[in-house]
Amino acid sequence: MYAITVREPGGPDVLEWTEVPDPVAGPGEVVVDVVASAVNRADLLQRQGHYPPPPGASDTIGLECSGRIAQLGEGVEGWQVGDEVCALLAGGGYAEKVVVPAVQLLPVPSGVDIVTAAGLPEVACTVWSNIVAAGRLSAGETFLVQGGSSGIGTHAIQVAKALGARVAATAGAPDRLERCRELGADIVIDYHDDIPAELKKATDGHGADVILDNMGAKGLAANIDALAPDGRLLIIGLQGGAKGEVNLNKLLVKRASITAMGLRGRPVDGPNGKGAVVAGVREQVWPMIEDGKVRPIVHGTVPMPDAGKAHAQLEAGGVVGKLLLVTPGNG
Numbered sequence: 001m002y003a004i005t006v007r008e009p010g011g012p013d014v015l016e017w018t019e020v021p022d023p024v025a026g027p028g029e030v031v032v033d034v035v036a037s038a039v040n041r042a043d044l045l046q047r048q049g050h051y052p053p054p055p056g057a058s059d060t061i062g063l064e065c066s067g068r069i070a071q072l073g074e075g076v077e078g079w080q081v082g083d084e085v086c087a088l089l090a091g092g093g094y095a096e097k098v099v100v101p102a103v104q105l106l107p108v109p110s111g112v113d114i115v116t117a118a119g120l121p122e123v124a125c126t127v128w129s130n131i132v133a134a135g136r137l138s139a140g141e142t143f144l145v146q147g148g149s150s151g152i153g154t155h156a157i158q159v160a161k162a163l164g165a166r167v168a169a170t171a172g173a174p175d176r177l178e179r180c181r182e183l184g185a186d187i188v189i190d191y192h193d194d195i196p197a198e199l200k201k202a203t204d205g206h207g208a209d210v211i212l213d214n215m216g217a218k219g220l221a222a223n224i225d226a227l228a229p230d231g232r233l234l235i236i237g238l239q240g241g242a243k244g245e246v247n248l249n250k251l252l253v254k255r256a257s258i259t260a261m262g263l264r265g266r267p268v269d270g271p272n273g274k275g276a277v278v279a280g281v282r283e284q285v286w287p288m289i290e291d292g293k294v295r296p297i298v299h300g301t302v303p304m305p306d307a308g309k310a311h312a313q314l315e316a317g318g319v320v321g322k323l324l325l326v327t328p329g330n331g
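Using UniProt numbering, the first residue of the sequence shown is number 1, and each one after it goes up by one.
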């Protein structure tokens, strides 16, 4: 098969479409003929040499895909060769074939085409495991997502709205703020402004019960200020740095909590494993997609052999939703 390989850590030009050995399904695994994958921020870090795959995972970039099952490993039940699926991966998505633990498979939702489905697993699993499983977001609460026009953000806005929350979102330009509003955000805030002050003004001083943040250290103090009493801050990215100072007194006074939670390095099995996350998504998020409350947002598609162009586009900014990589013959 062919896959994207990284010639050496560096810019988008180091990504090459190269012939590599076909994968083989082990016990509990399937091989998927990949139709499409999607570009995530983590992929850019891996290309640069800053985010190696967890032990045992493929060295090939790509945290999600869609396609058709080509081979079943020993002990796999509930799936058949030819089934159209999408999958959460620890790596391997930028390829014509990929091995996936069967518990990380999802059916392509009804009403969604197989290419578009490639952009769903990573955002759906990240958002569900954070704002629902860990953040316990409930109807009537206020939810703030930092970076509302991103792949994660566009999905989080819709899921939070479907759960009955009042939704606030930040973005850095008027057109992206308007896109957040179109997706269901009740409050939109330019992230260049004083976010805690603007949020409290819009919520009569309450703030956010749950915040989903991808910046890390850079936004830490402002996020704590924006939290409501008993608020939950969920950190899923470190675009603004890994080390910050926490005012513990503010957390104590608010009875607030901070959770930092990755997805890629989780084990496959167990109560907090990727299989459990995928099962929760299938049960709770897939119905939202199938009844139209949550839509996959796709910025555009790029042929997979040109993955470097997609990386450059994401790095340049302005992407709303997901960029998809389509394998030859499927786009």
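All residues carry an ideal CB built from backbone N, CA and C; glycine is no exception.
What does DSSP give as the partner residues of residue i in its beta bridges?
| i | result |
| --- | --- |
| SER66 | ALA36, CYS86 |
| GLY265 | In DSSP, GLY265 forms no bridge with anything. |
| ASP190 | ALA171 |
| LYS322 | VAL298 |
| SER150 | DSSP, once it has assigned bridges, lists no residue as partnering SER150. |
| TYR2 | GLU19 |
| SER257 | ARG232 |
| PRO107 | VAL85 |
| THR142 | ARG166 |
| LYS97 | ASP33 |
Return helix, strand or coil for residue i, following the three-state DSSP convention.
| i | result |
| --- | --- |
| ASP213 | strand |
| THR301 | strand |
| LYS243 | coil |
| GLU29 | strand |
| ALA208 | strand |
| GLN158 | helix |
With a 10 Å radius around its C-beta and 16 neighbouring C-beta atoms as the bar for buried, classify residue i as buried or exposed.
| i | result |
| --- | --- |
| GLU141 | buried |
| GLY164 | exposed |
| ASN249 | exposed |
| HIS50 | exposed |
| SER66 | buried |
| GLN80 | exposed |
| PRO55 | exposed |
| VAL85 | buried |
| PRO21 | exposed |
What is the rounded straight-line gap between the Cα of residue i and the Cα of residue j?
| i | j | result |
| --- | --- | --- |
| GLY300 | GLY26 | 34 Å |
| LEU263 | GLY62 | 13 Å |
| VAL40 | ALA221 | The residue asked about is misnamed: residue 40 is Asn in this sequence, not Val. Using only the alpha carbons, I get a separation of about 26 Å. |
| LEU251 | VAL210 | 14 Å |
| GLN146 | ARG282 | 25 Å |
| LYS161 | HIS155 | 10 Å |
| HIS285 | ASP213 | In the sequence as presented, His is not what sits at residue 285; that position holds Val. Roughly 20 Å between the two C-alpha positions. |
| SER110 | GLU245 | 46 Å |
| GLN158 | PHE143 | 11 Å |
| VAL32 | GLY119 | 16 Å |
| GLY153 | ALA171 | 10 Å |
| LEU137 | ALA226 | 16 Å |
| ARG47 | GLY93 | 14 Å |
| ASP291 | GLY184 | 16 Å |
Do residue j and residue i count as a contact pair if the criterion is CB distance below 8 Å?
| i | j | result |
| --- | --- | --- |
| LEU233 | ASN247 | no |
| GLY151 | VAL123 | yes |
| ALA3 | GLU96 | yes |
| VAL100 | GLU19 | no |
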